[in-house]
Structure formats: C-alpha cells, structure tokens
Amino acid sequence: MTVKGWTEERKQTAKTMWLSGQTAAAIAAELDCGVSRNAVIGMMQRLLGTGAKPRKQPKPAPVKKVRPSRTSPRSTKVAAGWDGTTVINGPVAEVVPPLVEQPPEPRTFWNLRLRDCHRPLWHHLERPSVDAMLFCGKPVVPGSSWCPACAVIVYQQGTA
DNA sequence: CCCTGATTCGC
DNA sequence: GCGAATCAGG
1 MTVKGWTEER KQTAKTMWLS GQTAAAIAAE LDCGVSRNAV IGMMQRLLGT GAKPRKQPKP
61 APVKKVRPSR TSPRSTKVAA GWDGTTVING PVAEVVPPLV EQPPEPRTFW NLRLRDCHRP
121 LWHHLERPSV DAMLFCGKPV VPGSSWCPAC AVIVYQQGTA
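In full-length UniProt numbering, the protein residues as written are 1 to 160.
Spelled out as structure tokens, the structure:
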C-alpha cells in the first residue's frame, strides 16, 4: 500500500495530525509513503494556508544555490502509533477524526509534545506508572522546556 | 550539532 | 500541485 502521491486519505491524515500538534517529520513517518517532512509542510501550506501567518523575514536574497540533483535516497520510515493508537490498516480517517483540538492539560506521557511544558507532575509518586506520568503541558516559552509558570518553579528549585 | 517550521522556486 | 533546497529560529 505504498501508492506514491497524496490521496484524500493521506491529506486528511496529515491535516489532522498537523492540527493535533504532530511535527511534520512525524507525519511524514506516519504516512509512510514517499513523502518527506518538507512535503508535508508544503502540503499543509496549500491545504491549510499556513502561509497566512505573517512572516518575519521576507527572505530578500533567494540567490540560486547549486542544485546538482534532486535525487534523494528515501529511507524507509517506521510508522509508529502517534497517539497511543496503533494505526496499521483500515481507514485512518476512522481513527483520526475524534481529534478535534488539543487535549486538556495536564498532558499525558503519550500526548506530551516538544512544545508542551515538560515539568513532571508526579513528584509525589515513588514509582509512577506511565499512566500516572502527567506533565504540565501548557505551551512552553519558546526555546525553553517549560511554560512561564513552571520555568519559575524549576529555576527556584535549582533543577534547571 | 540536532531539530523545528517557513519560504522559495524548479519541476 | 508537488517537494527539494534553503532559510531562520531554537
């Protein structure tokens, strides 16, 4: 089932994953067709109009760089469950739709993403099970691993 | 260095 | 329409 190209299913999956906060690379891996993360990003721009956001740098000098060849060795990527749900066969659309928006905080171990506040919330537990591993989950300060509130806490504790 | 998304532009 | 190259930020 490796039909190269963007099928409606593929677009839907990518779109939903993107909206749910998955990274482009993760989406590319999940789709597991010949798409790179750039392809995913490019598709999102066309599909969702990502370019609608105000850009910071107008990129003044798009000087033509050397483009010797476009051939790229596409490595086989492993499709792993991205939200704890194994998606191997069957219409992906049936497993993805339930995702409307971001899950409420705190985030679970499985839902925690790079930009979610990483401050652990289980410091009371000796041996927390994965299910008990909750993180703050609020949006982090860009460049940090914690949200503004947790950054202060972590800093005061000297755990930074 | 690695990663991320964003943009440009050739196909 | 598509995606690699490239860029810019973290």
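Glycine included, C-beta positions come from ideal geometry on N, C-alpha and C.
The structure displayed is predicted, hence computed values, not measured ones.
Check this for me: beta carbons of residue i and residue j, under 8 angstroms apart or not?
i           : j           : result
residue 112 : residue 143 : no
residue 28  : residue 36  : yes
Within the same chain, show all residues whose beta-carbon is closer than 7 angstroms to that of residue i, passing over the 5 residues directly before and after it, in chain order.
i           : result
residue 47  : 11, 15
residue 148 : 141
Considering only the alpha carbon of each residue, which of the options lies closest to residue i?
i           : options           : result
residue 145 : 35, 132, 121, 114 : 114
residue 123 : 154, 140, 42      : 154
residue 17  : 6, 31, 7          : 31
residue 150 : 23, 13, 120, 9    : 120
residue 8   : 24, 43, 23        : 43
Please state whether DSSP places residue i in a helix, a strand or coil.
i           : result
residue 139 : strand
residue 151 : helix
residue 84  : Residue placement at residue 84 is flagged as unreliable, the pLDDT there being 45, under the threshold of 50; the coordinate-derived value follows with that caveat. Of the three classes helix, strand and coil, the one that applies to residue 84 here is coil, per DSSP.
residue 18  : helix
residue 108 : strand
Can you list, in chain order, the residues of its chain with a C-beta nearer than 6 angstroms to that of residue i? Leave out the 5 residues immediately preceding and following it.
i           : result
residue 107 : 116, 135, 137
Using a Cβ-Cβ cut-off of 8 angstroms (strictly less than) and excluding sequence neighbours within five positions of residue i, which residues of its own chain qualify?
i           : result
residue 125 : 132
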